[in-house]
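*Asks:*
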Amino acid sequence: MHTTRNVHSHTVAKKHTEKELMKKYLILYYSKTNNSKFIAERLSKELNCEMEMIESKIHNIGLLFFISLLNIPIPINVSKEKIKQYEAIIIVGPIWGGLLIAPLKSVIKKCIGLNKPFHFALTCESKESDKDSKYGYNTVLVKAKALGGNLIKSTSAFSTSLISGYHEKEFNIHVKAKFNEDNFSEELKNRVNIFVSKIKN
Ligand SMILES: Cc1cc2nc3c(=O)[nH]c(=O)nc-3n(C[C@H](O)[C@H](O)[C@H](O)COP(=O)(O)O)c2cc1C
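Position in the sequence shown (first residue = 1) + 4 = our numbering.
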């Protein structure tokens with residue numbers, strides 16, 4: 005009995021220490037053309053926290069797209085031990101073909117496995133007016149929310165169509181709009197601020 009109580013109090017103490025040692029936020033991003041990396045960097049600066057790139061052994065976009073379409077899980081570099089060290093995870097990545105892509109899904113599943121709260125942001129090129137279309141960001145956020153359930157604490161989306169000086173005709177399938185320091189509009193900055201305040205609340 006005495007021993008059981010000792011073991012119990014030891015476990016409670018250990019949990020307390022683990023919680024005290026926990027860092028606040030970790031940003032995990034997946035990015036092929038650096039838009040999501042750009043947003044991750046902004047968030048990292050605002051939240052004063054670490055960020056790490058999500059990597060998988062599969063690099064080919066076509067193959068990854070197909071894997072995402074078939075809902076096949078893929079291994080990623082980010083370990084559960086890493087995620088465990090933080091109070092909340094912030095996930096940032098792109099939309100491809102209206103899908104919640106496999107690397108992002110893998111991180112979400114790791115958070116679910118650890119009962120870890122997370123925040124989720126997408127980068128995309130579809131316009132605000134198309135957000136509910138098959139390829140729009142709301143469609144993908146709905147998929148993320150369905151998967152994350154009550155662990156997904158807030159969401160956001162950053163479309164390249166919101167950069168300053170965006171003209172639809174100038175950007176097409178060959179010429180992609182990209183975020184940079186000069187074209188990051190007030191609307192995009194505002195979205196970063198809103199997302200940051202939702203994360204902090
Ligand atoms: C294969 C592929 C499919 C895409 N499909 C969509 C889409 O369905 N909807 C959308 O809004 N943007 C789509 N995009 C645009 C990307 O989501 C957008 O450029 C994003 O910011 C890229 O992020 P990254 O630079 O971090 O890789 C697609 C891009 C690629 C390469």
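Built from N, CA and C at the ideal position, the CB exists for glycine as well. Predicted, not measured: the structure shown is a model, and the values here were computed from it.
I need the straight-line Cα distance from Lys202 to Phe122, nearest angstrom please.
*Replies:* 11 Å
*Asks:* With DSSP as the reference, label Thr127 as helix, strand or coil.
*Replies:* strand
*Asks:* With C-beta atoms as the reference, is Ala106 less than 8 Å away from Leu151?
*Replies:* no
*Asks:* Compute the minimum distance between the beta carbon of Gly152 and the heavy atoms of ligand 1, and state whether it is under 7 Å.
*Replies:* Outside the cutoff, so no.
*Asks:* Mind checking who Gly97 pairs with in its DSSP beta bridge?
*Replies:* Leu126
*Asks:* Any heavy atom of ligand 1 inside 7 Å of the beta-carbon of Tyr139?
*Replies:* yes
*Asks:* Going by DSSP, what residue range makes up the beta strand (DSSP E) through Phe237?
*Replies:* This structure leaves residue 237 out entirely; the chain is present only between 5 and 205.
*Asks:* Compute the distance between the beta-carbons of Ser168 and Asn187, then report whether it is under 8 Å.
*Replies:* yes
*Asks:* DSSP three-state call for Glu132: helix, strand or coil?
*Replies:* helix
*Asks:* So, is Val179 buried or exposed, given that buried needs 16 or more other C-beta atoms within 10 angstroms?
*Replies:* exposed
*Asks:* Can you tell me the Cβ-Cβ gap for Ser130 and Tyr141, rounded? I've got them flagged as a contact below 8 Å.
*Replies:* 7 Å
*Asks:* DSSP has Tyr27 in a bridge; who is on the other side?
*Replies:* Per the sequence shown, residue 27 should be read as Lys rather than Tyr. Answer is Tyr90, bridged to Lys27.
*Asks:* Using a Cβ distance threshold of 8 Å, determine whether the segment 36-47 contacts the segment 74-83, with at least three qualifying pairs required.
*Replies:* In short, these stretches do not touch, since the Cβ pair count stays below three.
*Asks:* Are there 16 or more other CB atoms within 10 angstroms of the CB of Met5, so buried, or fewer, so exposed?
*Replies:* Low local confidence applies: a pLDDT of 48 at Met5 is under 50, so the model's placement there is unreliable, with the coordinate-based value given in what follows. Counting every other CB atom within 10 Å of its CB across the protein chains shown gives Met5 a total below 16, marking it as exposed.
*Asks:* Beta carbon of Pro121: closer than 7 Å to some heavy atom of ligand 1?
*Replies:* no
*Asks:* Comparing the CB of Thr159 with every heavy atom of ligand 1, is any distance shorter than 7 Å?
*Replies:* no
*Asks:* Residue range of the alpha helix (DSSP H) that Glu50 falls in?
*Replies:* In this chain, the alpha helix (DSSP H) harbouring Glu50 covers 39-51.
*Asks:* Going by beta-carbon coordinates alone, are Ile43 and Ala125 separated by less than 8 Å?
*Replies:* yes
*Asks:* Grab me the residues of Cys53's own chain with a C-beta within less than 7 Å of its C-beta, minus the 5 sequence neighbours each way, in chain order.
*Replies:* Correct list, in chain order: Lys28, Tyr29, Leu30, Ile31.
*Asks:* For the beta strand (DSSP E) containing Glu56, name the first residue and the last one.
*Replies:* From DSSP, the beta strand (DSSP E) with Glu56 extends over 54-57.
*Asks:* Which same chain residues, not among the five before or five after Tyr90, have their C-beta less than 8 Å away from its C-beta?
*Replies:* Met26, Lys27, Lys28, Tyr29, Leu30, Lys120
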